[in-house]
Amino acid sequence: MTPTTIRTWSTDLTDPGERGEAYGRAWRDQVRTTLAEYDTLFAGRGVDPATVRAIAEESRAVVDRHAPELLAEIDGVARGAGLQPWQAMAINARTEILARAAAVEECSTAVVLPADGGPPRTIQTWDWYTQMAHETVVRSLPTADGARVVAFGEHGQVAKIGVSSRGVGVHLNILQHTTDGSQVGVPVHVVARMILDRAGTLADALAVVDGVPLGASTVLTVVTAEPAAACVELSPAGWAALRATPGEPLLHTNHFLDPGLAAGEAAANPYSTTQERLAFLGARADAVAAVDPLARVAALASDEPGSVCVDPDPRRAPDDRPQTKATLTIDVGRPALGLAASHPRDITPQEWLTVPA
Numbered sequence: 013m014t015p016t017t018i019r020t021w022s023t024d025l026t027d028p029g030e031r032g033e034a035y036g037r038a039w040r041d042q043v044r045t046t047l048a049e050y051d052t053l054f055a056g057r058g059v060d061p062a063t064v065r066a067i068a069e070e071s072r073a074v075v076d077r078h079a080p081e082l083l084a085e086i087d088g089v090a091r092g093a094g095l096q097p098w099q100a101m102a103i104n105a106r107t108e109i110l111a112r113a114a115a116v117e118e119c120s121t122a123v124v125l126p127a128d129g130g131p132p133r134t135i136q137t138w139d140w141y142t143q144m145a146h147e148t149v150v151r152s153l154p155t156a157d158g159a160r161v162v163a164f165g166e167h168g169q170v171a172k173i174g175v176s177s178r179g180v181g182v183h184l185n186i187l188q189h190t191t192d193g194s195q196v197g198v199p200v201h202v203v204a205r206m207i208l209d210r211a212g213t214l215a216d217a218l219a220v221v222d223g224v225p226l227g228a229s230t231v232l233t234v235v236t237a238e239p240a241a242a243c244v245e246l247s248p249a250g251w252a253a254l255r256a257t258p259g260e261p262l263l264h265t266n267h268f269l270d271p272g273l274a275a276g277e278a279a280a281n282p283y284s285t286t287q288e289r290l291a292f293l294g295a296r297a298d299a300v301a302a303v304d305p306l307a308r309v310a311a312l313a314s315d316e317p318g319s320v321c322v323d324p325d326p327r328r329a330p331d332d333r334p335q336t337k338a339t340l341t342i343d344v345g346r347p348a349l350g351l352a353a354s355h356p357r358d359i360t361p362q363e364w365l366t367v368p369a
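Here the working numbering runs 12 ahead of the position in the sequence shown, where the first position is 1.
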């Protein structure tokens, strides 16, 4: 197992370009390492450098149309880290670039919307390749209207999983659809950050999704303090919101659950455990409803085959072995992001980090 270290970084800079540049300077080596890791991954999946640059440049143009402030932040990261602007975008468009290559999978998410009207209770495992993401980061930063966002991701990404002081949280799981790569779209990591920056309600989050083109598939599980929650499945073919019912679990792994989108599902990796992990979550749904985040973590702690604790599979190629890199919870009532760099089964209370928005 390759450990992951979670760093934290906070800023009060409101200018997106200045904020990005400050971050890029502070974490120059880590951002450049992230890019190098992705360059190796893209090459190993048969995506040549010219294609990587073309997708990144196309992504820059579409982000400029839909979220110019985030393009300014990404360009700032490039300046601070000494990269070309398209290279910083490639880190954020990694899902869209990988959509041109072999199937990948990551993450398991569970949400329970309490029947008593309390805020959603959530937990997610983040899985990625053993050779990557030896360091990750939680960034705390202001929005244009004075709110605050706490976002977890790989170094150089604007967001992956996070929560805002407005009481809106986002989890992310990868999906694959036959239309992936068929058009240029806003990178899904940028969409996640747009929701965190702009939304105050589930309706706001859905309006963000409805307003952007997509080039690759994912599911963003959005939770809000209203309370409300929905798994928002995204693909170039369209999107669908699977809304939570109070008192019932809302679960997602790495396959589409909306029947219309599922009809266009791309072929899964032959070693995929997405169905097994979904069943594992379903069997523990009552425990996922626990108020205490660490109780939710304990509920998913298991060595059973098919559990959400993903270990490197020796049957797979050395550069194609995902593992659970981190476990995260979102508390939109507080609001705060809870996390630790490990499987649920290995986390101790001393390792658990809570970052308020």
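In this text, a Cβ means the ideal position worked out from N, Cα and C, and glycines have one as well.
A quick note: this is a predicted structure, and the numbers were derived from the prediction, not measured.
Counterpart residues of Glu277 in DSSP-defined beta bridges: His189
Take every Cβ of the segment 183–195, pair it with every Cβ of the segment 211–218, and state whether three or more of those distances are shorter than 8 Å. no
Counting pairs of beta carbons, one from the segment 110–123 and one from the segment 75–86, are three or more of them closer than 8 Å? no
Return the residue from the list His267, Val224, Gly272 that minimises the CA-CA distance to Asn281. His267
Taking the alpha-carbon of Gly250 as reference, which of Pro225, Gly259, Glu238 has the nearest alpha-carbon? Pro225
Taking Thr336 and Val322 to be in contact with their CB atoms under 8 Å, please state how far apart those CB atoms are, rounded to whole angstroms. 5 Å
Looking at Ser152 and Thr137, is the spacing between their C-beta atoms short of 8 Å? no
DSSP three-state call for Val200: helix, strand or coil? helix
Where Glu288 falls: helix, strand or coil (DSSP): helix
For the alpha helix (DSSP H) holding Val309, just list the boundary residues, first then last. 305–311
Helix, strand or coil at Gln143 according to DSSP, with G and I counted as helix: coil
One question on the structure: do Ile103 and Phe54 come within less than 8 Å of each other, judged by their Cβ atoms? no
Got a sec, what are the start and stop residues for the beta strand (DSSP E) Leu95 sits in? From DSSP, Leu95 is part of no beta strand (DSSP E); its letter is neither H nor E.
What are the partner residues of Ala241, as DSSP defines its beta bridges? Val235
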